[in-house]
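First residue of the sequence shown? That's 1 in our numbering, and the numbers climb one at a time after it.
From the three backbone atoms N, C-alpha and C, an ideal C-beta is built for every residue, glycine too.
What follows is a single structure, written as structure tokens, with notes after it.
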Amino acid sequence: MNPILADLPTTIFDVMSGLARDLNAINLGQGFPDDPGPEDVRRAAADAVLNGYNQYPPMMGLPELRQAIATHYGRFQGLDLDPMTEVMVTSGATEALAGALMAVIEPGDEVVLFQPMYDAYLPLVQRAGGVPKFVNLRPPAWTMAREDLERAFGSKTKAVVFNNPHNPCGVVYEREQLELLAEFCVKHDVIAICDEVWEHLVFDGRKHIPLMSLPGMRERTVKIGSAGKIFSLTGWKVGLVVAAPAVMKGLSKAHQFITFTTPPNLQIGVAHGLMKDDVYFSTMRQTFQASRDRFTAGLKEVGFTVIPSQGTYFVTIDIGELAISDDVTFAQKLVREFGVATIPVSAFYAENIYRNAVRFCFAKKDETQDRALERLHKAAPAFGLSGK
Ligand code: PMP
Ligand code: GLN
């Protein structure tokens, strides 16, 4: 077996969800909402299963979905996209990431990765023959520093993988930081693979800015979205990929031999969803923002130090001051003894350099949050907090 994959542990998301199932714990680990998602979107997909065409759809995606993606990104992010040459549908953002890395990297190419990073990036980069160059985002604001980029980018840099809004940190990067990254991409002639799956989950009036929209980036960016996140249907695995025609040509060659297509009924549902009124998107954002506020207040009441979340489904706490050695010990104790599953943020690092943060998914109904917070109050003394 190829050791890059064979030697990997099981992904933390499956480990914690498995523990939550086995221990009957409340699962605030893996990121998924506990409401069923918009009924009209699900109904459009269901109708397509029952009454539609269930054979292979076109390799690049159904034309109506590609058109809906182009229109949607024009409407919300000001991008001007040709649905026929610049848009592709994949089976989840994960396929899009794997395909993009396969398509872009040649063995020995360097790829800049920001830590903490979504756990799929590093093995996919390595399996494609890439050599990772890490940049550590600087807590507590998780900023990119110019001197760190100077160290990471060089003549061998082929690509950078950039996640905005950021999982697990919940940061929404603003124009100034994007300009800094774009400057390095242009200077070193680098392709930016932008994981923007959380693009609609931005709070407090923030606006998601796609890196692709910055000067010099239009021709060198692969923008990746995920319908699962936009419609609270995380199991759907429909990826939305956008790139200039010359880049898209390579991406499509990877896609044609990874999955080739994505279930047509789900594509119909997503096409319907992307064309929904603005009010769906703003209400969805407000609902998750209210969940964030409610859960953040609850965590603070328990006594935890909360690192504010600007977007995504996630909020992290800093456990550095607690009476516990590290995030993995915290997460294991919390799920096994108190019945709440979380994600230790060290799972998002290649090396053990930061073990002080734990991620919670707040995208849950009030009663789920309340039950979890009650358990966290009970757990507080075990971590050196006074509790209720
Ligand atoms: N990238 C990030 C940052 C994510 O958080 C996730 C999933 N939650 C993905 C990619 C994968 O998206 P998908 O389920 O569409 O494959
Ligand atoms: N993106 C989800 C999260 O961060 C998990 C996806 C997965 O389980 N692979 O929780």
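Q: Taking only heavy atoms of ligand 1 into account, decide whether any of them is closer than 8 Å to the Cβ of Val97.
A: Reading the sequence shown from its first residue, position 97 is the one you call residue 97. Just to set this straight, residue 97 is Leu in the shown sequence, not Val. Yes, ligand 1 has a heavy atom inside 8 Å of this Cβ.
Q. Just to check, is the beta-carbon of Phe32 closer than 8 Å to a non-hydrogen atom of ligand 2?
A. Indexing the sequence shown from 1 puts residue 32 at position 32. Ligand 2 approaches Phe32 closely enough that one of its heavy atoms is under 8 Å from the residue's Cβ.
(Q) Between Val186, Val190, Ala103 and Pro210, which has its C-alpha nearest Val197's C-alpha? (A) Here residue 197 refers to the residue found at position 197 of the sequence shown. Selected option, being the one with the closest Cα: Pro210.
Q | 9 Å Cβ cutoff met for Gly74 and Ser213 | A | Within the sequence shown, numbered from 1, the residue matching residue 74 stands at position 74. Within the sequence shown, numbered from 1, the residue matching residue 213 stands at position 213. No, Cβ-Cβ distance for Gly74 and Ser213 is not below 9 Å.
Q.
ligand 1 and Ala357: does the residue's C-beta get closer than 8 Å to at least one heavy atom of that ligand?
A. Start at 1 with the first residue of the sequence shown, and residue 357 comes out as number 357. Flag unset: Cβ of Ala357 not near ligand 1.
Q) Would you report the Cα separation of Phe338 and Gly29, rounded to the nearest angstrom? A) Within the sequence shown, numbered from 1, the residue matching residue 338 stands at position 338. Within the sequence shown, numbered from 1, the residue matching residue 29 stands at position 29. The straight-line gap from Cα to Cα measures roughly 14 Å.
Q) Can you find at least 3 beta carbon pairs, one from the segment 341-356 and one from the segment 114-121, that sit closer than 8 Å? A) yes
(Q) Per the DSSP calculation, Cys185 is bridged to which residue(s)? (A) In the sequence shown, residue 185 corresponds to position 185, counting from 1. The partner list for Cys185 (beta bridge, DSSP) is empty, contrary to what the question assumes.
Q: May I ask which residues mark the beginning and end of the alpha helix (DSSP H) holding Asn163?
A: On the sequence shown, residue 163 is found 163 positions in, with the first residue counted as 1. Premise fails: Asn163 lies in the beta strand (DSSP E), Thr157 to Asn163, not in any alpha helix (DSSP H).
Q: Below 7 Å CB to CB, which residues in the same chain sit around Thr368 once its five sequence neighbours on both sides are set aside?
A: As a working note, residue 368 is residue 368 in the sequence shown. Closer than 7 Å at the Cβ level, and outside the excluded window around Thr368, lie Ile26 and Asp34.
Q: Return the chain-ordered ranges of every alpha helix (DSSP H) run that is complete within the segment 40-111 and spans a minimum of 4 residues.
A: 63-77 and 92-104
Q: Check whether the Cβ atoms of His200 and Phe295 sit closer than 9 Å, and answer yes or no.
A: In the sequence shown, residue 200 corresponds to position 200, counting from 1. In the sequence shown, residue 295 corresponds to position 295, counting from 1. No, these two residues do not count as a Cβ contact at 9 Å.
Q) Relative to ligand 1, is the shortest distance from any of its heavy atoms to the C-beta of Ser252 smaller than 8 Å? A) Your numbering for residue 252 matches position 252 in the sequence shown. Outside the cutoff, so no.
Q.
Any heavy atom of ligand 1 inside 8 Å of the beta-carbon of Lys378?
A. On the sequence shown, residue 378 is found 378 positions in, with the first residue counted as 1. Lys378 Cβ: outside cutoff for every heavy atom of ligand 1.
Q | Burial state of Asp189, where buried means 16 or more other Cβ atoms lie within 10 Å | A | Walking along the sequence shown from the start, residue 189 turns up at place 189. Looking at its Cβ environment, which holds fewer than 16 other Cβ atoms inside 10 Å, Asp189 is exposed.
Q) Is the closest heavy atom of ligand 2 to the C-beta of Phe13 under 8 Å? A) Position 13 of the sequence shown, counted from the start, is the residue given in the question as residue 13. Flag set: Cβ of Phe13 near ligand 2.
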